[in-house]
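Enquirer:
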Amino acid sequence: MKIEWILCPFCGSKTRLKIRGDTVLENFPLYCPKCKHETLITVRKLNLFIVQEPDAQTQSR
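Have a look at this one:
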């Protein structure tokens, strides 16, 4: 069984999660501790798909 780390789609670093070849995730909130981004992903057969990117944050003045 092949096991891989889930990599952040923004910065490419390892997250805290591993997936196996038979792992299925639907609308999973992936958080990257390095770049502090959170995004919804779907994983099927070790392929990661971005479901929704986070909304742009408002600027404070």
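Using full-length UniProt numbering, the letters of the sequence shown correspond one by one to residues 1 to 61.
Positions of the beta carbon are idealized from the N, C-alpha and C atoms, including for glycine.
(1) Taking 8 Å as the threshold (C-beta atoms), are residue 51 and residue 25 in contact?
(2) Strictly by DSSP, which residues pair up with residue 18?
(3) Rounding to the nearest angstrom, what Cα-Cα distance links residue 35 and residue 12 in this structure?
(4) Using the Cα positions of residue 27 and residue 20, report the straight-line distance between them to the nearest angstrom.
(5) If you compare alpha carbons, which of 16, 4, 1, 9 is closest to residue 33?
(6) Does DSSP put residue 23 in a helix, a strand or coil?
Expert: Based on what the coordinates show:
(1) no
(2) 5
(3) 10 Å
(4) 17 Å
(5) 16
(6) coil
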